[in-house]
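Input: a single structure, listed below in structure tokens.
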Amino acid sequence: MKLCAAQMDIAWENKAENLKKCSVLAEQAASNGAQLIVFPELTLTGFSMNKDLSEPPDGDSVNQFMRLSEKIGIAAGFGFACRTGEGITNRFCIVNAGRVVANYDKIHPFSYGGECATYTGGNLPASVELFGEAIGLTVCYDMRFPELYQALSQTCTLIINIANWPDKRRDHWQTLLKARSIECQSFIAGCNRCGSGNGLNYSGDSAVYSPWGEEAAKAEPYKEQLIYAEINGKVCREAREIFPVKQDRKLELYRDFYAK
172 MKLCAAQMDI
182 AWENKAENLK
192 KCSVLAEQAA
202 SNGAQLIVFP
212 ELTLTGFSMN
222 KDLSEPPDGD
232 SVNQFMRLSE
242 KIGIAAGFGF
252 ACRTGEGITN
262 RFCIVNAGRV
272 VANYDKIHPF
282 SYGGECATYT
292 GGNLPASVEL
302 FGEAIGLTVC
312 YDMRFPELYQ
322 ALSQTCTLII
332 NIANWPDKRR
342 DHWQTLLKAR
352 SIECQSFIAG
362 CNRCGSGNGL
372 NYSGDSAVYS
382 PWGEEAAKAE
392 PYKEQLIYAE
402 INGKVCREAR
412 EIFPVKQDRK
422 LELYRDFYAK
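For the sequence shown, the tail end lands on 431 under the working numbering, and the numbers increase by one without skipping.
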């Protein structure tokens with residue numbers, strides 16, 4: 172599967188302008204043979220706490236991306252503030268061929284940044300089978316919680332993280348992306364925004380790492396750019412056979428550790 176990560180600046184709380192940009196980028200990605208394009212967290216608004224920008228699960232943003240996907244002929248992953256009876260969640264949605272194929276609600280809202288005051292955390296991991304690959308969905312701060320990635324890597328050959336990760340912690344972002352790929356023995360793709368929004372600056376540093384921790388694609392910092400990587404589950408299986416780390420995990424012991 173050919174994956175494209177769209178490192179883009181996001182116009183603050185301007186859904187129409189950002190959707191227009193996403194459409195242009197999706198067309199470019201499709202013309203370069205990408206089968207799936209992913210955009211940064213809260214794609215059409217930036218990292219906003221404005222509850223008025225939230226939408227129902229079948230709201231305008233989802234419908235716009237479904238139409239975009241069907242028209243251009245590419246699957247698309249994007250983020251939005253999803254309003255349900257349980258509250259507002261920070262959702263990562265993937266659409267393909269005019270329909271929603273996966274939804275994931277960010278399990279770990281960023282308490283340090285005040286996200287918990289607006290967004291309710293999800294409680295279930297999510298993955299989807301697409302173009303022959305099992306894909307796990309995560310959002311930004313989730314990257315700091317290896318337990319989620321280990322759980323997803325049991326079945327997923329690719330785990331995607333969409334983010335609004337500020338440049339003051341860019342070293343953490345780069346280090347964690349690579350670390351997750353090594354410890355999970357999965358492809359790890361990080362799609363981060365660039366530019367600035369609401370007083371924060373973003374370097375992007377979007378990248379894809381192989382199950383061996385090798386750089387498969389990397390964007391230039393502070394610049395809008397599309398990056399591409401070939402995702403092949405065979406590489407994951409080979410890595411796990413050659414260097415069988417997972418067979419040495421002690422899950423029962425870990426459960427006891429956490430229980431204490």
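Ideal Cβ positions, reconstructed from N, Cα and C, are used throughout, including at glycine.
| query | result |
| --- | --- |
| Residues near G258 in its chain [Cβ-Cβ closer than 8 Å; skip 5 each side] | Y290, T291 |
| Collapsed DSSP secondary structure at S282 in the structure displayed | helix |
| Contacting residues, own chain, Cβ-Cβ under 7 Å from E385 (five flanking each side not counted) | none |
| V195 beta carbon less than 9 Å from that of G248 | no |
| 3 or more residues per run - each beta strand (DSSP E) lying fully within the stretch 334-391 | 358-363, 365-368, 371-374, 378-380, 386-389 |
| Selected residue, minimal CA-CA separation from G293, among R420, G284, N261 | N261 |
| Cβ contact check for the stretch 210-217 and the stretch 397-408: 3 or more pairs under 8 Å | no |
| Minimum C-alpha distance to G303 - residue among T326, D313, C355 | T326 |
| Contained beta strand (DSSP E) runs [length at least 3] in the stretch 258-327, N- to C-terminal order | 258-267, 270-276, 298-301, 304-310 |
| Proximity of G244 and A201 at Cβ, strictly below 9 Å | yes |
| Top-ranked residue by Cα proximity to P392, from G375, Q321, K191, D427 | G375 |
| Within 9 Å, strictly: CB atoms of L239 and L301 | no |
| Anticipated Cβ contact below 8 Å, I278 with L319, distance rounded | 6 Å |
| Beta-carbon proximity list for L371, same chain, < 7 Å, skipping 5 on both sides | P337 |
| Neighbourhood of Q345 by C-beta, 8 Å cutoff - its chain only, sequence neighbours within 5 removed | D376, A378 |
| Span of the alpha helix (DSSP H), counted from its first residue to its last, around R118 | The first residue shown for the chain is 172 and the last is 431, placing residue 118 beyond what the model contains. |
| E395 (DSSP reduced to helix, strand or coil) | coil |
| Contact belief for G285 with P296 at Cβ below 8 Å, rounded distance in angstroms | In fact, because the Cβ distance is near 24 Å, the residues do not count as touching under 8 Å. |
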